[in-house]
Structure formats: structure tokens, C-alpha cells
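Counting from 1, position 70 in the sequence shown corresponds to residue 70 in full-length UniProt numbering; the numbering is continuous, with no gaps.
The beta carbon of each residue, even a glycine, is placed where N, CA and C say it ideally should be.
Treat the numbers as computed from the prediction; the structure is a model and nothing was measured.
Structure first, then comments.
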Amino acid sequence: MGAVVGAAGAQASGCSSCAEDSSFFPHIVSRGPSGEAPRLLELGFASVCYQITVSVMKRRAPDTREKVCVLCNRADEDPDIYGQKSVNHGLCTHENSLHLASGLSSKQARSSEVYNILPEDIQRVVKQATRKMCYICGERGATITCQEKRCKHSFHYPCGKENGCISQFFGQYRSFCQEHSPVQTVQAQQEGETLCVICLERVGDKLSYHTMVCPSCRQAWFHRGCIQQQAFHAGLLCFRCPQCNDREKFLPEMTTLGIQVPTRQPAWEADSGFIDMYQRHSRCDASQCHYAQGREQAEEEGPWYLLLCSSCAATGTHRRCSTLKDSTVSWECDSCAGLGTASSTQSEPAGPSSTIPPTSSHSSPSPETCGLASPSTEPSTHR
Numbered sequence: 001m002g003a004v005v006g007a008a009g010a011q012a013s014g015c016s017s018c019a020e021d022s023s024f025f026p027h028i029v030s031r032g033p034s035g036e037a038p039r040l041l042e043l044g045f046a047s048v049c050y051q052i053t054v055s056v057m058k059r060r061a062p063d064t065r066e067k068v069c070v071l072c073n074r075a076d077e078d079p080d081i082y083g084q085k086s087v088n089h090g091l092c093t094h095e096n097s098l099h100l101a102s103g104l105s106s107k108q109a110r111s112s113e114v115y116n117i118l119p120e121d122i123q124r125v126v127k128q129a130t131r132k133m134c135y136i137c138g139e140r141g142a143t144i145t146c147q148e149k150r151c152k153h154s155f156h157y158p159c160g161k162e163n164g165c166i167s168q169f170f171g172q173y174r175s176f177c178q179e180h181s182p183v184q185t186v187q188a189q190q191e192g193e194t195l196c197v198i199c200l201e202r203v204g205d206k207l208s209y210h211t212m213v214c215p216s217c218r219q220a221w222f223h224r225g226c227i228q229q230q231a232f233h234a235g236l237l238c239f240r241c242p243q244c245n246d247r248e249k250f251l252p253e254m255t256t257l258g259i260q261v262p263t264r265q266p267a268w269e270a271d272s273g274f275i276d277m278y279q280r281h282s283r284c285d286a287s288q289c290h291y292a293q294g295r296e297q298a299e300e301e302g303p304w305y306l307l308l309c310s311s312c313a314a315t316g317t318h319r320r321c322s323t324l325k326d327s328t329v330s331w332e333c334d335s336c337a338g339l340g341t342a343s344s345t346q347s348e349p350a351g352p353s354s355t356i357p358p359t360s361s362h363s364s365p366s367p368e369t370c371g372l373a374s375p376s377t378e379p380s381t382h383r
């Protein structure tokens with residue numbers, strides 16, 4: 001076994017592993033004597049043994065580095081900017097960079113299952129991008145090319161997003177450089193100090209990449225970042241002008257200008273913010289409930305059947321608790337019958353008002369409940 005020597009230059013007689021003639025390789029960092037700075041030690045290893053040792057160490061060492069997207073060269077995890085990050089077949093990609101990469105077929109780009117794209121197709125795009133330089137950062141690997149005819153500007157998706165390029169998340173998923181990006185042509189004038197209708201901060205004094213206006217009412221001004229966040233929260237079904245509620249003109253204009261509108265339900269529904277609206281009232285609210293099982297229980301028929309108010313469906317009573325006949329199928333609470341709030345001592349209901357069965361539940365709101373029309377198939381382009 002060869003000797004271990006310090007960085008000062010002492011020699012060892014042979015390989016520390018196989019006793020063959022060896023070369024010296026920096027290998028160990030020692031703390032040194034107490035109070036001294038760490039020092040580099042050297043081990044004598046034959047060349048082959050050194051290579052094997054390093055190889056084993058690499059295999060054993062955990063890879064703590066973040067995975068970098070092969071299409072945009074970023075490791076960022078912000079899904080609002082980059083989309084979801086995924087590793088498939090050893091290739092790490094951001095969803096948005098994958099959608100927008102030039103060279104993938106339109107059929108693939110439009111697919112909702114974006115990660116079904118074959119790894120060899122991604123590798124082909126990456127290889128082609130090594131010959132393209134990003135005109136913004138000057139680095140190679142630009143996977144997006146401006147879709148304007150005869151324009152040769154290529155760029156990384158994050159570089160373009162940070163510097164005024166526009167990418168459209170519908171149809172062919174086209175992207176444009178700053179020079180050829182679509183712009184708003186709406187004739188809208190600001191009056192005095194104009195504030196963003198979303199964040200209530202000052203907007204730019206004219207239309208620009210960062211300052212936008214509703215094409216319908218022409219009065220709602222907002223920052224690009226603010227309207228993008230609203231789009232993320234509202235989703236496709238409820239995205240509209242925050243002031244005039246227009247959708248017919250607003251949605252095509254915003255998506256053409258690069259606002260990404262996800263095809264999903266509103267965030268407030270996904271977060272169960274209105275879950276109580278979808279629950280059927282199931283409690284007897286009579287001033288005195290006589291059912292032995294309690295106010296929260298009811299039977300499917302007879303005197304202990306629970307009737308809901310035929311007008312509001314937010315108040316209920318057992319038939320017996322409001323002295324109703326077993327044949328009664330509809331009942332109206334005191335508030336809806338115009339008698340005001342029911343007294344804590346009142347037991348008589350307003351009586352039957354119709355033969356319509358009681359409301360059983362609230363249905364989930366349709367797009368029309370958001371004040372929306374059916375979404376158009378593809379936004380028009382304003383150039």
C-alpha cells in the first residue's frame with residue numbers, strides 16, 4: 001500500500017490500491033493540525049485505479065443539483081411562468097418551452113398530452129437549437145424562432161418573456177420577437193392619472209407591452225402582469241374584462257397579445273371557496289323541533305320528512321314540527337312569505353303555497369353564470 005503524502009510534495013512508492021507504479025492525484029482534503037487551515041493531500045494511484053475510484057465516487061454521490069430544462073436552460077420551478085417541469089426519458093422540460101419550441105409539429109404542439117412527444121423529437125429540436133443563438137442573451141440553444149416571414153430572430157422562452165416577445169398559447173403556439181409582436185390598435189385615451197383596475201397602481205401613459213386596455217369598454221386599463229394573474233385564477237370559462245365583463249372581444253384580444261388562459265375551472269372553485277353553495281340544506285329550523293333523532297335527521301316520508309322552503313331552499317322544517325299534513329309537498333318560510341323573520345316562539349308556517357316539489361340542491365354554475373358566452377375557437381390576430 002502506497003503512502004499518503006502532503007501537498008508539500010513527498011512521494012509514495014506505489015499505487016494505494018494495486019501497488020503498481022503510480023501517478024499522484026489530488027484526492028483528499030485534510031483539516032490539518034489543530035488551528036491550521038485545511039490542506040490538500042495526495043494519494044498515489046495507478047491511472048486505471050484512479051479512474052475507477054472516481055467513477056465509483058460519482059455513482060455514489062447523490063445528485064443534489066436542480067434539473068435544468070433542455071429547451072430553455074433554466075431550472076426555475078415557477079409554473080405560472082414556465083409551466084410544469086417534468087423529467088421523462090431522462091429529458092427535463094418545462095411545459096411552456098415544450099409547447100412553443102420551433103420544429104415540433106403543429107399536431108404535437110396542440111396536444112394536451114404534451115409529454116407524449118417522443119424523446120427523439122425533443123433531442124432533435126435541442127440539436128437544431130445548438131446552431132441557433134438567442135438574439136437577446138447571446139447564448140446558443142434558442143429553441144423558439146419568430147414566426148414572422150423572413151425574420152431569423154431566435155430566442156429562449158424565458159429571455160423572450162422577460163424582454164417583450166410574445167408567445168401565443170393557442171392554435172399553432174406561435175411566437176414573435178419584439179419587432180414583430182402583435183400590438184393593440186384600440187383607440188383609447190387616458191384621462192388624468194390612470195390606475196390599473198386590478199392593483200390600483202399607476203399604469204403607463206400609453207399602450208405598450210406592459211400597459212393594456214380592454215378593447216370593448218376602452219376604459220379598463222391594466223398591467224400585463226395583473227391581467228395575466230387574473231387569467232390564471234379565472235380560467236377559460238370565467239376570464240373577462242374586470243370592469244365591463246365583456247368576453248367576446250376581450251378573450252381573443254388578450255390571448256393574441258400573449259396572455260395565457262389555462263383551460264381549467266376558476267381557482268375559487270378548485271379551492272372549494274364556494275363549496276357551501278353546492279350543499280343541500282338538511283336541517284329543521286322550526287322554533288321547536290320534536291323529532292327524537294334531532295334537527296339534523298329526517299325520514300324519507302311521513303311526518304318527519306324534511307321540507308325546504310320553496311323560495312329560498314335555505315330553511316327547512318319537519319312536517320310535524322310546523323304542524324303540516326303528511327300530504328304537504330311544498331312549504332314557504334316566514335321570511336319568503338313576507339312575514340319577516342320567524343319568531344322563536346312561532347310554530348305555524350305560512351302554509352302550502354304550491355304543489356311544486358321542494359328544491360333539492362344547487363347545480364354547478366354554467367359559463368353563463370359568469371356572464372360569459374361560449375369561447376371562440378381561435379382568437380384573431382391583431383397586427
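Where residue i sits in the DSSP three-state scheme
i	result
Ser175	strand
Glu269	helix
His233	helix
Val125	helix
Leu251	helix
Ser181	coil
Thr211	strand
Thr145	strand
Ile259	coil
Cys92	strand
Cys134	strand
Ile117	coil
Val56	Model confidence at Val56 stands at a pLDDT of 39, short of 50, so the residue's coordinates are unreliable and nothing is read from them.
Ile198	coil
Nearest-angstrom beta carbon gap, residue j and residue i [assumed within contact, 8 Å]
i	j	result
Cys238	Ala220	Contact flag wrong, Cβ pair sits at about 16 Å.
His94	Lys85	5 Å
Cys244	Ser216	6 Å
Gln184	Val203	Gln184 to Val203, Cβ: 13 Å. No contact.
Ser310	Ser330	5 Å
8 Å Cβ cutoff, residue i in contact with chain B
i	result
Glu77	Among the protein chains of the structure shown there is no chain B, as only one such chain exists.
Residue from the options whose Cα sits closest to the Cα of residue i
i	options	result
Leu236	His210, Gln123, Thr263, Ala313	Thr263
Gln147	Leu324, Arg131, Pro158, Ala101	Ala101
Gln88	Asp80, Val70, Pro79, Ile81	With the sequence shown as reference, residue 88 is identified as Asn, and Gln is not the correct amino acid for it. With distances taken between Cα atoms, Asn88 lies closest to Val70.
Glu253	Asn73, Trp268, Ala231	Ala231
residue 399	Asp80, Lys149, Thr328	The structure shown has nothing for residue 399, since the chain only spans 1 to 383.
Thr130	Lys149, Glu120, Ser154	Ser154
Pro182	Cys159, Cys284, Gln168, Gly83	Gln168
Met133	Cys289, Tyr305, His233, Tyr157	Tyr157
Val186	Gly225, Ser208, Ile117, Gly316	Ser208
Leu200	Glu191, Cys72, Ala75, His223	His223
Ala298	Arg319, Ala314, Lys249, Lys149	Arg319
Ser322	Gly258, Asp334, Asn73	Asp334
Val68	Gly141, Leu251, Leu195	Gly141
Arg337	Lys161, Glu248, Cys312, Thr143	In the sequence under discussion, the amino acid at residue 337 is Ala, which differs from the Arg named in the question. Of the listed residues, the one whose Cα sits closest to Ala337 is Cys312.
Leu307	Cys289, Gln293, His290, Cys284	Cys284
The beta strand (DSSP E) enclosing residue i, as first and last residue numbers
i	result
Asn88	85 to 88
Phe222	221 to 223
Any non-hydrogen atom of the ligand SAM closer than 7 Å to residue i Cβ
i	result
Tyr82	In terms of ligand content, the structure shown is empty, and the ligand SAM therefore cannot be addressed.
Endpoints, the alpha helix (DSSP H) within which residue i is located
i	result
Leu98	95 to 100
Tyr157	157 to 162
Arg80	Checking the sequence shown, residue 80 turns out to be Asp, not Arg. First-last of the alpha helix (DSSP H) with Asp80: 79 to 82.
**Asked** Of all the beta strand (DSSP E) runs that stay within the bounds of the region 267 to 336, which reach a length of 3 or more residues?
**Response** 306 to 308, 316 to 318
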